[in-house]
Ligand SMILES: Nc1nc2c(ncn2[C@@H]2O[C@H](COP(=O)(O)OP(=O)(O)OP(=O)(O)O)[C@@H](O)[C@H]2O)c(=O)[nH]1
Ligand SMILES: [Mg+2]
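In the numbering used here, the protein residues as written are 2 to 370.
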């Protein structure tokens with residue numbers, strides 16, 4: 002038997018305390034009043050005897066309770082640490098995704114830049130995408146997806162002037178020297194005369210009569226294709242000539258190659274453009290695919306005085322690098338009507354198409370990625 006003393010203000014409370022702790026099997030051994038000191042009031046000490054097995058069972062239950070409470074506390078500490086760890090992991094993942102996206106974006110932007118696409122066009126597209134994809138898409142996590150996205154944006158930006166021949170018209174071809182104006186007219190004339198569903202009645206007006214002693218290139222094509230050809234050098238004759246050719250479906254006007262800085266020639270050509278005509282006039286600028294961006298810019302801006310309707314891109318076959326041309330078309334959004342892809346008349350001419358231009362550009366891109 003084990004003894005234990007319980008203390009209370011009266012013996013009954015001390016004994017009840019012993020009963021509550023060990024149950025009714027305890028044996029009362031002694032009860033005494035302990036005299037008070039100055040600081041404490043008097044109290045009673047009740048000593049009881051407890052059977053060994055009951056004492057041990059009680060001690061064990063106390064130990065278990067304490068252990069359980071300690072476990073509970075440890076579990077809570079552990080759970081809060083796991084939560085903290087989860088937050089840190091989420092933050093790390095977010096940082097990693099941002100860094101990964103930024104690196105894909107930088108890499109793809111650099112690729113397009115190297116191929117001639119300027120930041121002026123590229124940056125706004127990528128900024129919108131970056132802001133959007135932070136929330137939803139995963140385009141920025143994959144080079145190929147991002148390249149496809151940019152190509153689709155290019156496709157949406159480029160402009161094509163549809164070929165339409167449902168009314169009779171005058172097509173004037175202008176541009177710098179040697180870009181392929183006369184050859185393009187010959188190709189178009191053959192196309193409209195022999196290569197469409199219907200044969201159109203085509204005539205030529207040649208304003209390019211300045212090259213003294215030069216071979217009459219347009220006259221030669223006219224002869225070969227049996228097309229009416231009027232060489233003209235003043236506005237009065239031009240107006241008369243239009244009257245003579247009034248029942249023609251399409252009249253092509255060939256012009257002298259002009260330096261974009263030759264103001265006198267421009268003034269002279271504007272006089273023709275502004276004369277009275279009984280047909281709709283479409284002015285097409287021939288722009289070679291092979292020239293520098295700055296030259297495209299100057300040529301387009303200076304020739305714009307002639308109220309351009311569209312551009313014909315020539316010499317596609319002379320370059321593999323179409324980034325500069327593409328960049329120019331993306332920034333200026335000029336409608337493109339035809340592409341000249343070689344010297345052969347009439348075969349080397351195609352109706353302008355975004356797919357053709359982008360496919361050629363993709364070829365170039367894929368050789369460097
Ligand atoms: N490789 C290539 N050569 C072309 C193309 N278009 C025209 N040419 C050639 O470029 C040269 C000049 O062509 P033209 O048609 O005479 O050019 P133009 O603009 O009329 O020249 P000017 O009247 O002298 O201003 C010729 O040798 C053409 O065969 C093309 O798309 N590709
Ligand atoms: Mg010519």
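Backbone N, C-alpha and C define an ideal beta-carbon position, used for all residues, glycine too. In this text the structure is predicted, and so the values were computed from the model without any measurement.
ask   = At a cut-off of 7 Å, is residue 228 close to ligand 1 when judged by its beta-carbon and the heavy atoms of the ligand?
value = Stepping through the chain shown from its first residue, residue 228 is reached at position 227. Checking every heavy atom of ligand 1 against the Cβ of residue 228, none is found closer than 7 Å.
query = In chain order, what residues of the same chain lie with their CB nearer than 6 Å to the CB of residue 122, ignoring the 5 residues before and after it?
reply = Start at 1 with the first residue of the chain shown, and residue 122 comes out as number 121. Contacts found: 331, 332.
ask   = According to DSSP, which residues form a beta bridge with residue 311?
value = The sequence position of residue 311 within the chain shown is 310, counting from 1. Partner(s): 285.
message = Can you look up residue 31 in the DSSP assignment and give me helix, strand or coil?
response = Reading the chain shown from its first residue, position 30 is the one you call residue 31. Of the three classes helix, strand and coil, the one that applies to residue 31 here is strand, per DSSP.
task = Would you check if the distance between the CB atom of residue 286 and the CB atom of residue 323 is smaller than 8 Å?
result = As a working mapping, residue 286 is identified with position 285 in the chain shown. As a working mapping, residue 323 is identified with position 322 in the chain shown. No, the Cβ-Cβ distance between residue 286 and residue 323 is not below 8 Å.
request  = Kindly examine ligand 1 and report whether one of its heavy atoms sits closer than 7 Å to the Cβ of residue 184.
outcome  = Here residue 184 corresponds to residue number 183 of the chain shown, with the count starting at 1. Yes, the Cβ of residue 184 comes within 7 Å of a heavy atom of ligand 1.
ask   = Do residue 254 and residue 208 have their CB atoms nearer than 8 Å?
value = If you number the chain shown from 1, residue 254 lands on position 253. If you number the chain shown from 1, residue 208 lands on position 207. For residue 254 and residue 208, yes; Cβs fall inside 8 Å.
query = Since residue 16 and residue 47 are thought to touch, with beta carbons under 8 Å apart, how far apart are those beta carbons, to the nearest angstrom?
reply = Counting from 1 along the chain shown, the entry for residue 16 is found at position 15. Counting from 1 along the chain shown, the entry for residue 47 is found at position 46. The Cβ separation is near 5 Å, so the contact holds.
task = Could you please give the first and the last residue of the uninterrupted beta strand (DSSP E) stretch that includes residue 38?
result = As a working mapping, residue 38 is identified with position 37 in the chain shown. Element bounds for residue 38: n/a, residue is neither H nor E.
query = Along the chain, where does the beta strand (DSSP E) that runs through residue 339 open and close?
reply = Here the question's residue 339 lines up with position 338 in the chain shown. First-last of the beta strand (DSSP E) with residue 339: 337-341.
task = Jot down the residue ranges of each uninterrupted beta strand (DSSP E) in the segment 65-151, minimum 3 residues, whole runs only, in chain order.
result = none
Proximity winner among 235, 308, 24, relative to residue 52 (alpha-carbon distances) = Position 51 of the chain shown, counted from the first residue, corresponds to residue 52. Nearest option by C-alpha distance: 24.
ask   = Would residue 142 pass as a contact of residue 101 if the rule is Cβ separation under 8 Å?
value = Indexing the chain shown from 1 puts residue 142 at position 141. Indexing the chain shown from 1 puts residue 101 at position 100. Yes, they are a contact pair.
message = Suppose contacts are defined by Cβ-Cβ distances below 8 Å. Is residue 338 in contact with residue 353 by that definition?
response = Reading the chain shown from its first residue, position 337 is the one you call residue 338. Reading the chain shown from its first residue, position 352 is the one you call residue 353. Cβ atoms of residue 338 and residue 353: closer than 8 Å.
C-alpha distance - residue 81 paired with residue 113, whole-angstrom precision = Translated into the one-based positions of the chain shown, residue 81 becomes position 80. Translated into the one-based positions of the chain shown, residue 113 becomes position 112. So the alpha carbons of these two residues sit roughly 48 Å apart.
message = Please classify residue 83 as buried or exposed, where buried requires at least 16 neighbouring CB atoms within 10 angstroms.
response = Reading the chain shown from its first residue, position 82 is the one you call residue 83. Residue 83 comes out exposed.
query = Is residue 344 near ligand 2, judged by its Cβ being under 7 Å from some heavy atom?
reply = By one-based count along the chain shown, residue 344 stands at place 343. Incorrect: residue 344 has no Cβ contact closer than 7 Å to ligand 2.
ask   = When burial is assigned at 16 or more other CB atoms within 10 Å of the CB, is residue 155 buried or exposed?
value = Taking the chain shown and counting its residues from 1, one reaches residue 155 at position 154. Buried, by the Cβ-count rule.
query = Mind checking whether the beta-carbon of residue 258 lies closer than 7 Å to any heavy atom of ligand 2?
reply = In the chain shown, residue 258 corresponds to position 257, counting from 1. Flag set: Cβ of residue 258 near ligand 2.
query = Roughly how far, in whole angstroms, is the beta-carbon of residue 223 from the beta-carbon of residue 205, given that I think they are within contact range, below 8 Å?
reply = Locating residue 223 in the chain shown gives position 222, where the first residue counts as 1. Locating residue 205 in the chain shown gives position 204, where the first residue counts as 1. Yes, they are in contact, since the Cβ atoms of residue 223 and residue 205 sit about 5 Å apart, within 8 Å.
request  = Output the boundary residues of the alpha helix (DSSP H) element that contains residue 186.
outcome  = Position 185 of the chain shown, counted from the first residue, corresponds to residue 186. Its alpha helix (DSSP H) spans residues 182-195.
inquiry  = If I follow the unbroken beta strand (DSSP E) through residue 50, where does it start and stop?
reply    = Here residue 50 corresponds to residue number 49 of the chain shown, with the count starting at 1. Start and end: 44-51.
request  = Can you tell me which of 335, 327, 343 puts its alpha carbon nearest to the alpha carbon of residue 115?
outcome  = Locating residue 115 in the chain shown gives position 114, counting from the first residue. Checked all of 335, 327, 343; the closest Cα to residue 115 is 327.
task = Assuming residue 329 and residue 294 form a contact by the criterion Cβ under 8 Å, report the distance between their Cβ atoms to the nearest whole angstrom.
result = Translated into positions along the chain shown, residue 329 becomes position 328. Translated into positions along the chain shown, residue 294 becomes position 293. That belief holds up - the Cβ atoms of residue 329 and residue 294 are roughly 6 Å apart, short of 8 Å.
inquiry  = In whole angstroms, give me the CA-to-CA distance for residue 251 and residue 139.
reply    = Working through the chain shown from its first residue, we reach residue 251 at position 250. Working through the chain shown from its first residue, we reach residue 139 at position 138. The straight-line gap from Cα to Cα measures roughly 51 Å.
query = According to DSSP, what are the bridge partners of residue 5?
reply = Mapped onto the chain shown, residue 5 falls at position 4. Answer by DSSP bridge pairing, in chain order: 49.
message = Relative to the C-alpha of residue 336, which candidate in 319, 283, 7, 63 has its C-alpha closest?
response = By one-based count along the chain shown, residue 336 stands at place 335. Cα-wise, what sits closest to residue 336 is 283.
query = Does the distance from the CB of residue 261 to the CB of residue 300 come in under 8 Å?
reply = One-based indexing of the chain shown puts residue 261 at position 260. One-based indexing of the chain shown puts residue 300 at position 299. In this structure, residue 300 lies closer than 8 Å to residue 261 by Cβ.
message = Between which residues of its own chain and residue 157 is the CB-CB distance below 7 Å, once the five residues before and five after are set aside?
response = Taking the chain shown and counting its residues from 1, one reaches residue 157 at position 156. Contacts found: none.
key: Residue range of the unbroken alpha helix (DSSP H) whose run includes residue 365   = One-based indexing of the chain shown puts residue 365 at position 364. First-last of the alpha helix (DSSP H) with residue 365: 355-367.
message = Contact between the segment 225-236 and the segment 171-185 is defined here as three or more beta-carbon pairs at a separation below 8 Å; is this criterion met?
response = no
query = Is the segment 60-78 close to the segment 6-14, with three or more CB pairs under 8 Å?
reply = no
task = Using only the heavy atoms of ligand 1, determine whether one of them is closer than 7 Å to the beta carbon of residue 349.
result = Locating residue 349 in the chain shown gives position 348, where the first residue counts as 1. Within the cutoff, so yes.
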